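Mapping to UniProt numbering: the sequence shown position 297 is 297, numbers consecutive. Cβ atoms here follow ideal geometry from the backbone N, Cα and C, with glycine treated the same way. Since we're looking at a predicted model, the values are computed, not measured. Below is one structure, written out as structure tokens; comments come after it.
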Amino acid sequence: MSDPNNYTIGWISAIEIEYTAAQEFLDEEHKGPKWVHQSDENHYALGRIGKHNVVIVVLPRGDNGVAAAAMAAKDMMHSFPNVRVCLMVGIGGGAPSKRHDIRLGDVVVSVPTFSEKGGNQGGVVQYDYGRTIQEKCFQGARYLNRPPRALLTAVTGLSAKYKRYGNDIDTTIDYILQRNRRLQREYGRPDPDSDKLYSRDSARTLGADENLVSSLIERPERSGREDNPAIHYGLIASADGFMEDAQIRDVLAEELDVLCFEMEAAGLMNSFPCLVIRGICDYSDRHWFKEWRGYAAMTAAAYAKGLLEMVPASDVDKMQTIKEADLVPPDFMERARSFIAPLWGDRKKEVVSVSVIPDPEETQTMDSTKDQPYQMPPIQIAKLPPATTGFISSQIEVKHVYIAVMGVTGAGKSSLISRCTGKNVKIGHKLVSCTADVEDVEFMLNDRVCVHLIDTPGFDDTNRSDVEVLQNIAVWLTDSWRDEKKLSGIIYLHRIIDVRMAGSTLRNLSMFKKLCGEGAYSSVVLATTMWSQVDEATGEQREQELIETPNFWGYMHDKGSRIFRLEQTRESCLEIIQYILSRDSTTLLELQDEIVNQHRQIEDTEAGVQLNEDIIRERLKHQAELYDLKTHMQEMAVHDAELQRALKEEYEKLKENIRRNDEEQAKLKQDLKDVYERKEREFLELKKQMEADRKKYEESQKEALRQQAEQQADRIRLLEENSRKQLEFLELKKQMEADRKKYEETQKEALKRQAEQQANRIRLIEEHSRKQLEFLEQKASEQEERIRLTEENNNKQKEAIERQVKENANRAKAWAENRDTALHLAALDGKADVTESLLIQGANIEAKNNEGRTPFYVAICNGNTDMAISLLNQGANIEATQEDGSTALHIVVFHGKTDMVKFLLQHGANVNAKTYDYQTPFGIAIWDGKLNIAKLLLSQGANIEATQNDGCTMLHVMAAYGRADMVKFLLNLGANIEAKTNVGSTPFGLAIRNGKAAVGKLLLNRGADIEAQQTNDGGTELHIVAATGKGDMVKFLLDHGANIEAKNNHGSTPFCLAIWNGKMMMANLLLNRGANIEARQNARGFTELHIMACYGKVDIVKFLLDHGANIEAKTNDGRTPLRWAVLNGKADVVKLLRARGARG
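Next up, the structure:
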């Protein structure tokens, strides 16, 4: 089950069709929540989109409207407390106008608008809550809030992206429906012809649907350069009922520039930071288009997904949760006045009226039957100058947290404060203490929390007496409580190196306990310091003794005090700060309560009494020592006058100590009036200094904001440039992949055609052999007949008749099998007189049998040149083709009939004729190894560089198949060794790609260029085999001098392509052969480590680092791999680089 605390984005769907579409766009689906609020009856779907965890909620079936949406969102807020913003995503009715060409399937997004009649709107208007006056425009009764700033910023960024490149919503939906075919019927895009817009008078003037044609509004089709669906930004109208009145629709569209109507958003905008996204499924009139509802839900969800991918997770994390946010604080107007007051200066106050948004509970109590809406009382405030009116809305309320830091002198109070704040706080390293007074040192923990660390002197201070220390602490605590600077916690530091808890250490702890009181113990953090200076076992023993001894820390720990070990790091200090902040409470110390609430003097407080008792004990101790000294002096007086003088001096010192103790005791009883007067003078001086510092700070902040804006603009431009480069790179990679697939498909098709051609040739040979056999059998039969005729003269006539019958039967059989015409049979028998007679009678000289052969073709196949000449003389086409496009010259070359080849060439046959798969007679001769015929064809003008449909010459083909003998033959006859195919491959490249090393070596020996570009992007063969992981061919190329650092048109080396395609063994081989791991891959100075860090390839980044890649390498703009990983949000790579020591 999933933890509800992990979800920061809320997604609200009104109906099931929207709920289904929303879930299809999750990048990752999660299990249901572990728990929900006891009163929560919602149904949730959980998942991830981009970097955001999203909770999707749907309203109960049949329960729609403003109130239902508000209740569902409220329950979601209770069950998912960390939700920052909401998206209301679903379908709605469009409001097309002359200004806005809205069509079914388009998307409308709620953004702040201004119109001349409607004024300023936050993005949503509740059109059933206001008043409509005759001859005046609609006036809303309340203003609905704008969407969150982070979402509006993302809307602008996504709109710019769509303007430049167009949106891919339709493509994304097609992909999802291909993945889940169950949804295609209901959620696919309907026929565009079903998108019909009727005039607003159609419902009133026309009765039958067949007459609606006359009221149909003609709209041109969108061109290919326009987005379809289109995205519209503007005002969305919301109410509890359906909008089915075209006249009211058009009035609101004209007056308020409304783009869309729906039923839920008005219940969300003032209580939840929300953006509304609606897919258009009808035109808000009486004509419904149910077939468009599913597709409209998909377009809205697709836009919402694209929007969330534009929102950085850090921007969402910085926002308050909906539960924490108070959209209209009760003291808003008072705080506004106090903020504006310093900005007035001497300007004359100009009174204006400001309407206050009524409380939702008060709004519900209004009488809905009244004609007049609720009138909101005006409040008078001062009108700001134009230069400052926009400043208030951009202020972020900062929470101030006060934490006191106490402990003995030298415990590390100043060091703790210095580490937390990063400020140069004075730290003592001598025997005298460095903190002489209570000091307030502040720092910004984040943009919403300012922490004040209160540095206090210890009661064993070397500069001041314990009475003065108590007075200083008491004054600060009293003033801070009266100024509502309430402590959130107290940190008490103790040195773990102290061997015993005695003397000033124990006295300091006792004073601290009295100062805090038992009621504040739960807000106390007891922290031990200086662990690096003590053995860990000894330190743990001392720490345990502190915790277990009631007079030490035991009693405080039982009452709720927390124990921490404070290391010498800022993280350790901030851990304590975060613990105190997590308690989210303030405390009243015993000393504050006694002075402020009980009006006691310091000497009457628990701490004062404790201090007085300590002074009395010290005084009694000194008096006892004085008495002992007097006695000893009397005893020694007679013995040693010198010693007596020394003892007398010691005596005087003791008397002085007693006198000082008496003065401190009297001073403790003095009234605080003198101290307060002194503090008041100091306060006035401090106030003047703070006013001067404030003005100086405001000036510096303005300048800093200006510089920050410039830096941000530069960063945005850089990110846009980077995105454009990445897009170009991806498009190029996609094109390369398409070319590769096209080449493979072309090769497969060519091999398939060659196989079919070979099969046809085999079939032709078998057919020819069958006919030859029949011919021989016939000749044998005739010979037998002749013998029989000489032997049996008396049966001559009988045998002649039988022979004639048999011949007729054979012809009938041949005709039945081949569908030969009489002209075919005459050509086959070589009977010229018969052919002439048939032609005179009108026989078709170009008739083809079932195999596509003409009579001329049959004569050539039988080697009957006389018959062939006769047919040519009578108009036969020497270039007649069979079904595969082959001519007679192709066939006789295939069968190796040199004499017939010569015959056809002499009679004008086209030596370069091509079959349908681009085979020439010369190519067939080379493929079958008929070298004499090949030479004959070349001598008669055959083109040795004739290409197939993929641009391959015969040298390419023979090299790819490893036919070394044919390669030598072609080269000897002058074939171009550097000829290129349609995709740029040379014969050498194809030989290497197909693993034909022997042919590759032969071509190199004959002058082939090993560095020739083999692809349209300028890559060499080493680039190609490195990318495909062919290690043996890479070794061959490197052994024969291939440039291991060659770059293609994009600046990529073979090592780069091996890494990009995940060929780690290949990359390792190239590194071992000297490849430069730091090679710059493009004009911006990227190394392979930069590129892999940008794309989040953790395993490849680790490989590069393991092989010595420079982790601090910088691109031309000075950015390291770590910086690029951070900019692209690749958290895993950032973690790895930091673990490997990356600095920035």
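Asked, Found
"Bridge-paired residues (DSSP) for H895", "None, per the DSSP bridge assignment."
"Delimiting residues of the alpha helix (DSSP H) encompassing T113", "That residue, T113, is in no alpha helix (DSSP H); its beta strand (DSSP E) goes T113 to S115."
"Reduced DSSP category for Q372 - H, G, I as helix; E, B as strand; rest coil", "Note that Q372 has pLDDT 37, beneath the 50 cutoff, so the model's placement of it is unreliable and the number below is only indicative. Correct three-state label for Q372: coil."
"Endpoints, alpha helix (DSSP H) assigned at N1068", "M1064 to N1072"
"Where R853 falls, given that 16 or more other Cβ within 10 Å makes a residue buried", "buried"
"Test item: CB-CB of S284 and M263 under 8 Å", "no"
"Local conformation of Y492 per DSSP, three classes", "strand"
"Cut-off 6 Å between Cβ atoms - residues of its own chain near L566, not counting five sequence neighbours on either side", "A527, T529 and S572"
"Given 8 Å, three or more beta-carbon pairs between the stretch 909-929 and the stretch 952-971", "yes"
"Counterpart residues of L275 in DSSP-defined beta bridges", "L87"
"For K318 and D498, believed in contact at Cβ under 8 Å, the rounded distance", "In fact, because the Cβ distance is near 43 Å, the residues do not count as touching under 8 Å."
"Residue span of the beta strand (DSSP E) that contains N120, given as start and end", "G119 to Q121"
"The stretch 583-594 / the stretch 545-558 touching (three or more Cβ pairs under 8 Å)", "no"
"Cutoff 8 Å; reference Y162; Cβ partners in own chain excluding five residues on either side", "D227 and I231"
"Three or more C-beta pairs below 8 Å linking the stretch 15-31 and the stretch 56-63", "yes"
"M444, enclosing beta strand (DSSP E) - first and last residue", "E439 to M444"
"Whole-angstrom C-beta distance between A300 and G90, which should lie under 8 Å", "6 Å"
"Three-way DSSP call (helix, strand, coil) for I381 in this model", "Because the pLDDT at I381 is just 28, under 50, the model does not fix this residue reliably, and the point stays unresolved."
"Cβ contact (3+ pairs, closer than 8 Å) linking the stretch 105-124 and the stretch 289-307", "yes"
"From L268, S194, Y175 and K34, residue whose alpha carbon lies closest to that of A68", "L268"
"Cβ-Cβ separation, Y127 to L252 (assumed contact under 8 Å), whole Å", "6 Å"
"V1101 vs V1126 beta-carbon contact at 8 Å", "no"
"Cβ separation of T421 and F443, assumed to be a contact under 8 Å, to the nearest whole Å", "4 Å"
"Supposed close pair I403, L445 - CB separation, criterion 8 Å", "Going by Cβ atoms, the distance from I403 to L445 rounds to 11 Å, so no, they are not a contact pair."
"Span of the beta strand (DSSP E), counted from its first residue to its last, around V405", "K399 to G407"
"Assigned exposure category for R278 - 16 Cβ within 10 Å defines buried", "buried"
"According to DSSP, residues forming a beta bridge with Q126", "S238"
"Under 8 Å between C-beta atoms of G123 and V311", "no"
"Cβ shell of P386 (< 6 Å), same chain only, five flanking positions each side left out", "A caution first: P386 carries a pLDDT of 34, below 50, which makes its placement in the model too unreliable to give a value."
"Exposed unless 16 or more other CB atoms sit within 10 angstroms - verdict on D1099", "exposed"
"For N661, the three-state DSSP class (helix, strand or coil)", "helix"
"F261 - containing beta strand (DSSP E), residue span", "V258 to E262"
"Rounded straight-line distance, which links the Cα of E737 to that of S886", "35 Å"
"Nearest candidate by alpha-carbon position, reference V85, set L307, Y492, F683 and G166", "L307"
"Exposure label - G390; buried when at least 16 CB within 10 Å", "Model confidence at G390 stands at a pLDDT of 32, short of 50, so the residue's coordinates are unreliable and nothing is read from them."
"Top-ranked residue by Cα proximity to G32, from Y7, V398, S39 and I49", "Y7"
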